[in-house]
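Participant: Taking my numbering, I'd label the letters of the sequence shown as residues 5 to 641. Ideal Cβ placement from N, Cα and C applies to all residues, glycine included. Just so it is clear, the structure is predicted and the values come from calculations on it, not from any experiment. Quick one: this structure, given as structure tokens, is what I'll be asking you about.
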Amino acid sequence: MRIDVRKYLFVGLEKERFFQEAQEAGIIQFIDQHERTANEVPSEIQRLHAAIKVMRGLPVVEQEESEAFHKTDSLVDEVLELQNTLERLEEERRVLRQEIVRVETFGDFSLKDKEFIERESSRFIQFFYAKNSVEHNLDDEKDCVYVGSAHGLDYYISISKERRTYKGLVEMQIERPLGALQKRQTEVQEELRQAESRLKALAKWNDFFHAALIDKMNQHNLHMAQGYVSLVVDEKVFSIEGWVPEHKMEHLADLLSRHAVHAEEVAIEEEDRVPTFLDNKGYSRIGEDLVHVYDTPSISDRDPSLWVLCSFAVFFALILNDAGYGLLFFLSALFLRKKFSSAEGAGKRAIRLFTILSVSCIVWGTLSNSFFGMQLGIDSSLRSMSAVQWVAETKAEYHLAAKDDVWQEWVVKFPQVEKAQNGREFLTLAASEKNGVVSYDALNKFQDNVMLELALLIGVIHIALSLIRYLDRSWAGAGWVIFMVGGYLYFPSMLNASSMSQYILGISSETATEVGLQLTGIGVGAAVLLALFQDKAAGAGEILNIIQVFSDVLSYLRLYALGLAGSMMSATFNEMGASMTPVLGIMVILVGHTINIILSIMGGVIHGLRLNFLEWYHYSFEGGGKMHSPLELIKVK
Numbered sequence: 005m006r007i008d009v010r011k012y013l014f015v016g017l018e019k020e021r022f023f024q025e026a027q028e029a030g031i032i033q034f035i036d037q038h039e040r041t042a043n044e045v046p047s048e049i050q051r052l053h054a055a056i057k058v059m060r061g062l063p064v065v066e067q068e069e070s071e072a073f074h075k076t077d078s079l080v081d082e083v084l085e086l087q088n089t090l091e092r093l094e095e096e097r098r099v100l101r102q103e104i105v106r107v108e109t110f111g112d113f114s115l116k117d118k119e120f121i122e123r124e125s126s127r128f129i130q131f132f133y134a135k136n137s138v139e140h141n142l143d144d145e146k147d148c149v150y151v152g153s154a155h156g157l158d159y160y161i162s163i164s165k166e167r168r169t170y171k172g173l174v175e176m177q178i179e180r181p182l183g184a185l186q187k188r189q190t191e192v193q194e195e196l197r198q199a200e201s202r203l204k205a206l207a208k209w210n211d212f213f214h215a216a217l218i219d220k221m222n223q224h225n226l227h228m229a230q231g232y233v234s235l236v237v238d239e240k241v242f243s244i245e246g247w248v249p250e251h252k253m254e255h256l257a258d259l260l261s262r263h264a265v266h267a268e269e270v271a272i273e274e275e276d277r278v279p280t281f282l283d284n285k286g287y288s289r290i291g292e293d294l295v296h297v298y299d300t301p302s303i304s305d306r307d308p309s310l311w312v313l314c315s316f317a318v319f320f321a322l323i324l325n326d327a328g329y330g331l332l333f334f335l336s337a338l339f340l341r342k343k344f345s346s347a348e349g350a351g352k353r354a355i356r357l358f359t360i361l362s363v364s365c366i367v368w369g370t371l372s373n374s375f376f377g378m379q380l381g382i383d384s385s386l387r388s389m390s391a392v393q394w395v396a397e398t399k400a401e402y403h404l405a406a407k408d409d410v411w412q413e414w415v416v417k418f419p420q421v422e423k424a425q426n427g428r429e430f431l432t433l434a435a436s437e438k439n440g441v442v443s444y445d446a447l448n449k450f451q452d453n454v455m456l457e458l459a460l461l462i463g464v465i466h467i468a469l470s471l472i473r474y475l476d477r478s479w480a481g482a483g484w485v486i487f488m489v490g491g492y493l494y495f496p497s498m499l500n501a502s503s504m505s506q507y508i509l510g511i512s513s514e515t516a517t518e519v520g521l522q523l524t525g526i527g528v529g530a531a532v533l534l535a536l537f538q539d540k541a542a543g544a545g546e547i548l549n550i551i552q553v554f555s556d557v558l559s560y561l562r563l564y565a566l567g568l569a570g571s572m573m574s575a576t577f578n579e580m581g582a583s584m585t586p587v588l589g590i591m592v593i594l595v596g597h598t599i600n601i602i603l604s605i606m607g608g609v610i611h612g613l614r615l616n617f618l619e620w621y622h623y624s625f626e627g628g629g630k631m632h633s634p635l636e637l638i639k640v641k
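This is the structure in structure tokens:
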């Protein structure tokens, strides 16, 4: 839930003690009265953070317990110096390897001997190379000798009275011969080994570095907050403003009682950017993590945390659309809960969110009769738990009783349907067989229709809830709720389709069409009139929102489309695997389902959150807030 904050002016003595205990209390966000830009993090903290990054790549060893933070800087310097040494040596080793490859064809020799020969013989010794894929006509060049080939290159040495160039050959400069390079390579390897050994010996200070970082960050934050004050009366009295949540008043009174500091609530000015304080626990805290993915609620927003969590779980399950995948997720969640049983904070909440999503996938996958994309017989006991199956049978009962165009269309395709006595027989008889596999065409078609309509119905309900949440702020929302209900009843008639309102609620097609059309008109009119009453002339533009509302509802079709795509992919991989040899088939099925799971998770997360953050937030979220950030002690969670 969101809790209002109050603005206080603090005046008093004992600045050092007051700020230290205020940091321990962690309830006041002090305001920088000087409006300075954020100070750069001190170099010592940056260096300590860099050292911790180095530590992450080291083996896990038993940690040294110490609180002697005075030796932190010397240890950090040693770690960073060793890391720089390792990076320098790694680069030198890379260069040496390349240089050895470049000159190894010429073998080992002494540069001093080369210079002696050149000086005494008045000859020039040169080295060349060329691509061996190109022919080189050097028959007439008696002073150019072929040495060997390696790595796609031909190597030559020239001994001549003057410096020469040869067509197609590139001269090489050898600054260090092969022997010197190999010797230095051995030295570098040993220096690397020693540096790595010294660095690994420092891995025992990893926890100490983290504790030191927290200590330095706490000191830095305290120093920053103390710098916000204004000093008066010969700089003996300080004054500073701060934000305090309403439910922390008792803590504030207790803090003030121990110091010569007076606090007075002051008016919030228009230019003040009031922070948002969210106080959530349990499932709402998990939802708050999701809310922060997109934006922070403003001080006028109602906390959407629990709404977002519930909606996200539903949307994720609809997009995954498979109880088998949900079962895999649930087993993974149980493993994570056991593996990280001591996890706290964000880690624990992430595991709980994963568990919630896995359960929602199992529930919806069971209701939609989807399990690893397998085709189940219409009489399977698993189908008895399927809500989608029940709706499809109810739809078939409706068309069978009405003997309408839909029923006649299926009779033309499958004449045996005319003998059906109930919805289940209708769906059973409207079946075809291909390659020994029975396909229940009517059942599949009706289930697709149900899923599509369900996606739109969820969109209507979801957006209606968003409008109702802020109905006291936007009266026009009542009109748009009526408009959406009317549209849901009316639009099936435009498509000559049946709706769940007809075959489940028992509303006749004529009544649904007539009432739906009336509600659509009443809803638009009510939205405009209510907007005019509330916003005067500015409310006339409310009529333009008809397109926005309509498109937002249609956006929920992505739930149907993504769920259908995942189901088709899993079924396709199953068919491909079944047509192959057992070993190859199992590999295809495993790889295929792995790919489908990854894509489904991506779609579930992206679109599951998107429907909340764009379509739903559009009617009940302002955003742009800034979280309440009190001066507090950073602690290891």
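Using a Cβ distance threshold of 8 Å, determine whether the region 128-142 contacts the region 95-104, with at least three qualifying pairs required.
Facilitator: Result no; under three Cβ-Cβ pairs closer than 8 Å.
Participant: Determine the DSSP secondary structure at Asp158, reduced to helix, strand or coil.
Facilitator: Taking the first residue of the sequence shown as 1, we reach residue 158 at position 154. In the structure shown, Asp158 sits in a strand (DSSP, three-state: E or B).
Participant: Is it the case that the Cβ atoms of Asn1 and Glu273 are separated by a distance below 8 Å?
Facilitator: Because residue 1 is not part of the residues shown, which for the chain are 5 to 641, the question remains open.
Participant: Excluding five sequence neighbours on each side, which residues of the same chain lie with their C-beta closer than 6 Å to the C-beta of Gly330?
Facilitator: In the sequence shown, the residue the question calls residue 330 occupies position 326. Excluding positions up to five away in sequence, the list reads Ser362, Cys365, Ile366 and Gly369.
Participant: Whole-angstrom Cβ separation of Val485 and Ala468, contact assumed at under 8 Å?
Facilitator: Counted from its first residue, the sequence shown places residue 485 at position 481. Counted from its first residue, the sequence shown places residue 468 at position 464. Yes, they are in contact, since the Cβ atoms of Val485 and Ala468 sit about 5 Å apart, within 8 Å.
Participant: List the DSSP bridge partners of Gly529.
Facilitator: Within the sequence shown, residue 529 is the residue found at index 525, counting from 1. Looking at the DSSP assignment, Gly529 forms no beta bridge with any residue, so it has no partner.
Participant: Following the continuous beta strand (DSSP E) through Arg10, name the residue where it begins and the one where it ends.
Facilitator: Here residue 10 refers to the residue found at position 6 of the sequence shown. Run containing Arg10: Val9 to Gly16, per the beta strand (DSSP E) assignment.
Participant: Is Leu84 near the ligand COA, in the sense that its beta carbon is under 7 Å from a heavy atom of that ligand?
Facilitator: For the ligand COA, the structure offers nothing, since it holds no ligand at all.
Participant: Since Trp4 is in the beta strand (DSSP E), which residue starts that stretch and which ends it?
Facilitator: Since the first residue of the chain shown is 5 and the last is 641, residue 4 is not available in this structure.
Participant: Check for me: the beta strand (DSSP E) holding Glu437 runs from which residue to which?
Facilitator: Along the sequence shown, one-based indexing puts residue 437 at 433. Ser436 to Lys438 is the extent of the beta strand (DSSP E) around Glu437.
Participant: I'd like to check one pair, Gly483 with Val519: are the Cβ atoms closer than 8 Å?
Facilitator: On the sequence shown, residue 519 is found 515 positions in, with the first residue counted as 1. On the sequence shown, residue 483 is found 479 positions in, with the first residue counted as 1. No, Cβ-Cβ distance for Val519 and Gly483 is not below 8 Å.
Participant: When you compare each of Ala215, Leu431, Leu235 and Glu85 to Glu69 by their alpha carbons, which one comes out closest?
Facilitator: As a position in the sequence shown, residue 69 is number 65, starting the count at 1. Of the candidates Ala215, Leu431, Leu235 and Glu85, the one whose C-alpha sits nearest the C-alpha of Glu69 is Ala215.
Participant: If you check the beta carbons only, do Gly328 and Phe375 fall under 8 Å apart?
Facilitator: On the sequence shown, position 324 is the one that residue 328 refers to. On the sequence shown, position 371 is the one that residue 375 refers to. Yes.
Participant: Residues in the same chain with beta-carbon distance under 8 Å from Gln67, minus the five sequence neighbours each way, listed in chain order, please.
Facilitator: Stepping through the sequence shown from its first residue, residue 67 is reached at position 63. These residues qualify, in order along the chain: Lys208, Trp209, Asn210, Asp211 and Phe212.
Participant: Across which residues does DSSP place Val236 in a beta bridge pair?
Facilitator: The residue you call residue 236 lines up with position 232 of the sequence shown. Per DSSP, Val241.
Participant: Looking only at DSSP bridge pairs, what is Gly152 linked to?
Facilitator: The sequence position of residue 152 within the sequence shown is 148, counting from 1. Its beta-bridge partners are Tyr159.
Participant: Specify, as a first and last residue, the run of the alpha helix (DSSP H) that Ala480 falls within.
Facilitator: On the sequence shown, position 476 is the one that residue 480 refers to. Ala480 to Met498 is the extent of the alpha helix (DSSP H) around Ala480.
Participant: Where does His263 fall in DSSP's three states?
Facilitator: Residue numbering aside, residue 263 sits at position 259 when the sequence shown is read from its first letter. Coil, per DSSP.
Participant: On a Cα-Cα basis, can you pick out the residue from Glu108, Glu25, Arg60 and Ser304 that is closest to Lys186?
Facilitator: Position 182 of the sequence shown, counting from 1, holds the residue named residue 186. Note that residue 186 is Gln in the sequence shown here, rather than Lys. Checked all of Glu108, Glu25, Arg60 and Ser304; the closest Cα to Gln186 is Glu108.
Participant: I'd like to know whether the C-beta atoms of Val454 and Tyr492 end up nearer to each other than 8 Å.
Facilitator: Residue 454 sits at position 450 when you count from the first residue of the sequence shown. Residue 492 sits at position 488 when you count from the first residue of the sequence shown. No.
Participant: Under the assumption that Ala229 contacts Leu635 (Cβ atoms under 8 Å), give the Cβ distance between them as a whole number of angstroms.
Facilitator: On the sequence shown, residue 229 is found 225 positions in, with the first residue counted as 1. On the sequence shown, residue 635 is found 631 positions in, with the first residue counted as 1. Their Cβ separation, rounded to whole angstroms, is 5 Å, which keeps Ala229 and Leu635 in contact under 8 Å.
Participant: Excluding sequence positions up to five away, which residues of its chain have a Cβ less than 8 Å from the Cβ of Gly246?
Facilitator: As a first step, residue 246 must be located in the sequence shown, where it is residue number 242. Here the set comprises Lys11, Tyr12, Phe14, Ile32, Gln33, Phe34 and Ile35.
Participant: Would you call the region 159-175 in contact with the region 191-201, where contact means no fewer than 3 C-beta pairs closer than 8 Å?
Facilitator: No, the region 159-175 does not touch the region 191-201.
Participant: I need the straight-line Cα distance from Glu254 to Phe22, nearest angstrom please.
Facilitator: Looking up residue 254 in the sequence shown gives position 250. Looking up residue 22 in the sequence shown gives position 18. Each residue's alpha carbon lies about 16 Å from the other.
Participant: If we require 4 or more residues per run, which alpha helix (DSSP H) segments fall completely within the region 84-166?
Facilitator: Fully enclosed alpha helix (DSSP H) runs of 4 or longer: 115-125.
Participant: For Leu182, does the three-state DSSP call read helix, strand or coil?
Facilitator: Here residue 182 refers to the residue found at position 178 of the sequence shown. Correct three-state label for Leu182: helix.
Participant: If you check the beta carbons only, do Ala530 and Gly543 fall under 8 Å apart?
Facilitator: Taking the first residue of the sequence shown as 1, we reach residue 530 at position 526. Taking the first residue of the sequence shown as 1, we reach residue 543 at position 539. Going by C-beta atoms, Ala530 is not nearer than 8 Å to Gly543.
Participant: Would you mind sorting His38 into buried or exposed? The rule is 16 or more other CB atoms within 10 Å of its CB.
Facilitator: Walking along the sequence shown from the start, residue 38 turns up at place 34. Classification of His38: exposed, given that the 10 Å Cβ count is below 16.
Participant: Rounded to the nearest angstrom, how far is the Cβ of Glu250 from that of Val9, given a contact under 8 Å?
Facilitator: Here residue 250 corresponds to residue number 246 of the sequence shown, with the count starting at 1. Here residue 9 corresponds to residue number 5 of the sequence shown, with the count starting at 1. About 7 Å; that satisfies the 8 Å criterion.
Participant: Any idea what DSSP makes of Leu380, helix, strand or coil?
Facilitator: Translated into positions along the sequence shown, residue 380 becomes position 376. Of the three classes helix, strand and coil, the one that applies to Leu380 here is coil, per DSSP.
Participant: Might you give, ordered along the chain, the residues of its own chain that have their beta carbon closer than 6 Å to the beta carbon of Val270, omitting 5 neighbours on each side?
Facilitator: The sequence position of residue 270 within the sequence shown is 266, counting from 1. Once the five neighbours on either side are set aside, the close Cβ partners of Val270 are Lys11 and Leu13.
Participant: Considering Cα atoms alone, identify which of Ile462, Phe344, Leu615 and Glu429 is closest to Leu447.
Facilitator: Reading the sequence shown from its first residue, position 443 is the one you call residue 447. Of the listed residues, the one whose Cα sits closest to Leu447 is Glu429.
Participant: Tyr623 and Ser436: beta carbons closer than 8 Å?
Facilitator: On the sequence shown, residue 623 is found 619 positions in, with the first residue counted as 1. On the sequence shown, residue 436 is found 432 positions in, with the first residue counted as 1. Going by C-beta atoms, Tyr623 is not nearer than 8 Å to Ser436.
Participant: Taking Met176 as part of the alpha helix (DSSP H), name the residues at either end of that continuous run.
Facilitator: Counting from one through the sequence shown, the residue named residue 176 turns up at place 172. Not the alpha helix (DSSP H): Met176 falls in the beta strand (DSSP E), residues Val174 to Met176.
Participant: Straight-line CA distance for Gly172 to Tyr159?
Facilitator: Position 168 of the sequence shown, counted from the first residue, corresponds to residue 172. Position 155 of the sequence shown, counted from the first residue, corresponds to residue 159. One C-alpha to the other measures close to 12 Å.
Participant: Give the range of the alpha helix (DSSP H) segment to which Val454 is assigned.
Facilitator: Position 450 of the sequence shown, counting from 1, holds the residue named residue 454. Looking at the DSSP string, the run of the alpha helix (DSSP H) that includes Val454 is Asp445 to Arg473.
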